[in-house]
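Everything on this sheet refers to the single structure shown next.
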Amino acid sequence: MTFYAWTIKYRGREEIKHVTTLAELFDVLRILKLPGLAPPGFALPDGEIANHGHYTHNEGESDEWSLIWTKIDETPIAD
1 MTFYAWTIKY
11 RGREEIKHVT
21 TLAELFDVLR
31 ILKLPGLAPP
41 GFALPDGEIA
51 NHGHYTHNEG
61 ESDEWSLIWT
71 KIDETPIAD
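All residue numbers for the sequence shown refer to the UniProt record's numbering, where the first residue is 1 and numbers rise by one.
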């Protein structure tokens, strides 16, 4: 299982910092109902997930929010 350390910043709210799976991060994004679409920086052209990145929605606007993520662990699956 792969884990990511991530931080969400949204104007008027405290930063949210966690270490979770990518699925759990997507759940948090869905629950928060932040403006805009899912961050485009996750998926690479081959469908893999980027190991780290930063996304800012509407930089400088009133509904600005940002997400920073870093892959921190990958546990091999036993056969």
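In this text, a Cβ means the ideal position worked out from N, Cα and C, and glycines have one as well. Just so we're clear, the structure is a prediction, and the values are computed from it rather than from any experiment.
In or out: I16 buried (at least 16 other Cβ within 10 Å) or exposed?
exposed
Mind reading off the beta-carbon distance from T20 to Y4? Whole number of angstroms is fine, and I expect it under 8 angstroms.
The beta carbons of T20 and Y4 sit about 7 angstroms from each other, so the pair counts as a contact at 8 angstroms.
Which first and last residues belong to the alpha helix (DSSP H) in which A23 is found?
L22 to L32
Just to confirm the assignment, what range does the beta strand (DSSP E) spanning residue 145 have?
Any answer about residue 145 is impossible in this case: the structure gives the chain only from 1 up to 79.
Cβ atoms of I68 and T2: under 8 angstroms apart, would you say?
no
Classify L32 as buried or exposed, calling it buried when 16 or more other Cβ atoms lie within 10 Å of its own Cβ.
exposed
One question on the structure: do H57 and E64 come within less than 8 angstroms of each other, judged by their Cβ atoms?
yes
Candidates H18, I49 and S66: closest to P35 by CA position:
Of the candidates H18, I49 and S66, S66 places its Cα closest to the Cα of P35.
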